[in-house]
Amino acid sequence: MCQTPQARGLILLDADNFERVVVASLQSVVVIFWGPDCPVCHVLAPTLECAAEVYGDEVVLAALDVTASPQIATRFGVSSLPFILIFAQGVVRDHFMGEIPWNYLRDKIERALLLHPSTLHTTRIHPSHSLHKTPLEL
Numbered sequence: 023m024c025q026t027p028q029a030r031g032l033i034l035l036d037a038d039n040f041e042r043v044v045v046a047s048l049q050s051v052v053v054i055f056w057g058p059d060c061p062v063c064h065v066l067a068p069t070l071e072c073a074a075e076v077y078g079d080e081v082v083l084a085a086l087d088v089t090a091s092p093q094i095a096t097r098f099g100v101s102s103l104p105f106i107l108i109f110a111q112g113v114v115r116d117h118f119m120g121e122i123p124w125n126y127l128r129d130k131i132e133r134a135l136l137l138h139p140s141t142l143h144t145t146r147i148h149p150s151h152s153l154h155k156t157p158l159e160l
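Below, the structure written as structure tokens:
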């Protein structure tokens, strides 16, 4: 069994690549802080996978294991898991914690993309991307 949130399209972060992948990124970045003993972190995998599919190269989706890189978790005040930060232009623009539905994450990513002036946002969300069988606004 994989020990990371099992979502395709996630970049695995650590102390060696965090600055390059997150802070220096020209794209908006969604970072999930997780731990191997956090069941809710693993439940988020389908939501993160959906985000990776919908946003493709527009948004970087990444995961950081707080047990492997506690100094980064401390730096950002991570107090419970899962903890999600959204960065735009290397700055934290939003944060939230716990299990979240797809619609909530989508709205947060959309706001981050609006804060990022270099993003040419043309993504359209298809109703089939709903994880909870509710229609999504186009």
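The sequence shown begins at 23 in the working numbering and counts up by one.
For glycine and all other residues, C-beta sits at the position ideal for the given N, C-alpha and C.
Source: prediction; values computed, not measured.
It is roughly 17 Å from the alpha-carbon of residue 43 to the alpha-carbon of residue 30.
In the three-state DSSP reduction, residue 131 falls in the helix class (H, G or I). Here residue 53 really is in contact with residue 107; their C-beta atoms are around 5 Å apart, less than 8 Å. Taking the CA atoms as reference points, residue 83 sits about 19 Å from residue 97.
For residue 74, the enclosing alpha helix (DSSP H) has its first and last residue at 67-77.
Secondary structure of residue 46 (DSSP, three-state): coil.
Sequence-distant partners of residue 100 (beyond 5 residues in either direction) whose C-beta falls short of 7 Å from its own C-beta, in its chain, are 55, 88.
In this chain, the beta strand (DSSP E) harbouring residue 115 covers 113-119.
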